[in-house]
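A.B. asks: Pasting in a structure now, in structure tokens, and then I'll have a few things to ask.
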Amino acid sequence: GGRLTEAVRRQPFSVVLLDEIEKAHPDIYNTFLQVLDEGRLTDGLGRTVDFRRVILIMTSNTGFNVGPAIGFTNREVDTESPLKAIFTPEFLDRLDEVIRFRNLSEPELVQVAQIMLEDITKELASREKIVRFDPSLASWLVSQAPKQGSTRILRNLIREKIEDPLSLELLSRPGRTLFVTLKDGAVAIEEEALSLGLA
Numbered sequence: 001g002g003r004l005t006e007a008v009r010r011q012p013f014s015v016v017l018l019d020e021i022e023k024a025h026p027d028i029y030n031t032f033l034q035v036l037d038e039g040r041l042t043d044g045l046g047r048t049v050d051f052r053r054v055i056l057i058m059t060s061n062t063g064f065n066v067g068p069a070i071g072f073t074n075r076e077v078d079t080e081s082p083l084k085a086i087f088t089p090e091f092l093d094r095l096d097e098v099i100r101f102r103n104l105s106e107p108e109l110v111q112v113a114q115i116m117l118e119d120i121t122k123e124l125a126s127r128e129k130i131v132r133f134d135p136s137l138a139s140w141l142v143s144q145a146p147k148q149g150s151t152r153i154l155r156n157l158i159r160e161k162i163e164d165p166l167s168l169e170l171l172s173r174p175g176r177t178l179f180v181t182l183k184d185g186a187v188a189i190e191e192e193a194l195s196l197g198l199a
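Here UniProt numbering is used: position 190 in the sequence shown is 190, and no number is missing along the way.
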């Protein structure tokens, strides 16, 4: 049997996420017509699996650039035209709901960047490595991302601009406390002197 049908057969109460469904082969849409219409799917061996208890969520970047609209938006936006250009009417008619998410604002992206940097700090601390980040780094990272930057783009930027050079510094300066900051518009990693308080 197929991987999906076997997984649902074993766990009939499931949430199935199909990420970026628009990138799938059109035959996949036809396959899921049976699921959306009849609540079942037949695998390559002819076995039918019950999908009636499955919550099926599909994501798509189709229409992502339609208007500058993560959170929900109530603003009227034409979400159907871009979808109709890719998916058949039979497929779209079987969807219960199409929910459009607005783009993250710049302040929200800065918050996301701060959380990502905090995660790096915690991960390194769990390995007894101390790293501090300049508070201005989050805003700078967002400014380096393309317009309508996504969290995925931000994650890649942090890997390229912060994590990769930081890994090299941690290897060359083991046991040191490092401070990641900005100098002349670029990331700089400095060794932080320990201040000892005397009673």
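We put the CB at the ideal spot given by N, CA and C, even for glycine.
Would you check if the distance between the CB atom of residue 160 and the CB atom of residue 189 is smaller than 8 Å?
C.D. replies: Indexing the sequence shown from 1 puts residue 160 at position 160. Indexing the sequence shown from 1 puts residue 189 at position 189. Their beta carbons are not under 8 Å apart, which means residue 160 does not touch residue 189 by this criterion.
A.B. asks: Can you give the beta carbon distance from residue 59 to residue 83, rounded, assuming they're within the 8 Å contact cut?
C.D. replies: Stepping through the sequence shown from its first residue, residue 59 is reached at position 59. Stepping through the sequence shown from its first residue, residue 83 is reached at position 83. Contact flag wrong, Cβ pair sits at about 12 Å.
A.B. asks: Quick one: what's got a C-beta closer than 6 Å to residue 151's C-beta in the same chain, skipping five residues either side?
C.D. replies: Here the question's residue 151 lines up with position 151 in the sequence shown. The answer, listed in chain order, is 112.
A.B. asks: Pick out the complete beta strand (DSSP E) segments inside the stretch 39 to 68, 3 residues or longer, and give them in chain order.
C.D. replies: 40 to 42, 48 to 50 and 55 to 58
A.B. asks: On the CB-based measure, 16 or more other CB atoms within 10 Å of its CB, does residue 138 come out buried or exposed?
C.D. replies: Your numbering for residue 138 matches position 138 in the sequence shown. Buried, by the Cβ-count rule.
A.B. asks: Going by DSSP, which residues form a beta bridge with residue 186?
C.D. replies: Along the sequence shown, read from residue 1 onward, the residue named residue 186 stands at position 186. Residue 186 is bridged to 183.
A.B. asks: At what residues does the beta strand (DSSP E) containing residue 92 begin and finish?
C.D. replies: The residue labelled residue 92 in the question sits at position 92 within the sequence shown. Premise fails: residue 92 lies in the alpha helix (DSSP H), 89 to 93, not in any beta strand (DSSP E).
A.B. asks: If you count every other CB in all the chains shown that lies within 10 Å of the CB of residue 12, and 16 or more means buried, which is it?
C.D. replies: What you label residue 12 is simply residue 12 of the sequence shown in a count that begins at 1. In summary, residue 12 is exposed, with fewer than 16 beta-carbon neighbours lying within 10 Å of its beta-carbon over all protein chains present.
A.B. asks: Leaving out five residues on either side along the sequence, give the residues of the same chain with a beta carbon under 6 Å from the beta carbon of residue 48.
C.D. replies: To locate residue 48, count along the sequence shown from 1; it is residue 48. These residues qualify, in order along the chain: 40 and 42.
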